[in-house]
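Protein chains in written order, with this note's numbering: chain A, 1 to 119; chain B, 120 to 230.
Glycine included, every Cβ here is placed at the ideal spot set by N, Cα and C.
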């Protein structure tokens, strides 16, 4: 079964509104989670690293005021796309690396992804 | 030069064919290696880890050559269900894990 859950799977919103996407680790604690964006026929692009209890680390070119990340607990990180525009329409995916309870293999577990369409 | 480079693809093969994907990485600090599979409009899922000794899982064989900084994935007896994008993934350990994804290679297996 899924070890990382993402919600919602689909969201359609009007331009100018904000959208929140949740990412949960289901059976392990994740001090670090990752947020990606993927455009059609392109690879995953890391947007930011979400750190529990501290500020997220954003990749170059990603606006931190546009993509707000909150990692308030060891099992939940949220990404809020603020004042969304049509060009923000994309597939957003989160991931987490299981490090507790067994040797760290470096394997990433991905959420199911959230497809955002901004009208 | 990209940190992780893969065959551009797409690969179009008939059922039953053997297909090989190649991947090279540029950072010698790369520590662990994986092949992920991504179906259209779905999240990536781990296919297999890659070890220096090579590893096999059914029809899939992965190999790592650290000296050449090269990773491969071999799929034997291709099935229609193997059609997907295959991502080469490399973890760097530079004081903390950093994961680098290749652009992916699309595979189409046809009847």
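Where residue 170 of chain B is concerned, there is no enclosing beta strand (DSSP E), because DSSP gives it neither an H nor an E.
Boundaries of the beta strand (DSSP E) around residue 139 of chain B: 138-144. For residue 125 of chain B, the uninterrupted beta strand (DSSP E) run begins and ends at 123-125, by DSSP.
Beta-bridge analysis with DSSP links residue 57 of chain A to A:49.
In the pairwise beta carbon analysis, the stretch 72-81 of chain A is classified as touching the stretch 29-49 of chain A: at least three pairs are separated by under 8 Å.
Interface criterion met: the Cβ of residue 113 of chain A is under 7 Å from a Cβ in chain B.
Close partners of residue 43 of chain A in chain B (Cβ separation under 8 Å): 206, 220, 221, 222 and 223.
The Cβ atoms of residue 135 of chain B and residue 196 of chain B lie closer than 7 Å to each other. Relative to the Cα of residue 202 of chain B, the nearest Cα in the group B:170, B:210 and B:158 belongs to B:158. Per DSSP, reduced to three states, the secondary structure at residue 187 of chain B is coil, with no helix or strand assignment. With fewer than 16 other Cβ atoms from the protein chains shown falling within 10 Å of its own Cβ, residue 230 of chain B counts as exposed.
Membership of residue 71 of chain A in the beta strand (DSSP E) is indicated by the continuous run 67-73. Here residue 39 of chain A is exposed. Its C-beta has fewer than 16 other C-beta atoms within 10 Å. Any Cβ of chain B closer than 7 Å to the Cβ of residue 39 of chain A would place that residue at the interface, and such an atom is absent. When secondary structure is reduced to three states using DSSP, residue 202 of chain B falls in the coil class, being assigned neither helix nor strand. Interface residue (Cβ-Cβ distance to chain B less than 7 Å): residue 93 of chain A is classified as such. In the DSSP annotation of this structure, the continuous segment of the beta strand (DSSP E) that includes residue 20 of chain A starts and ends at 19-25.
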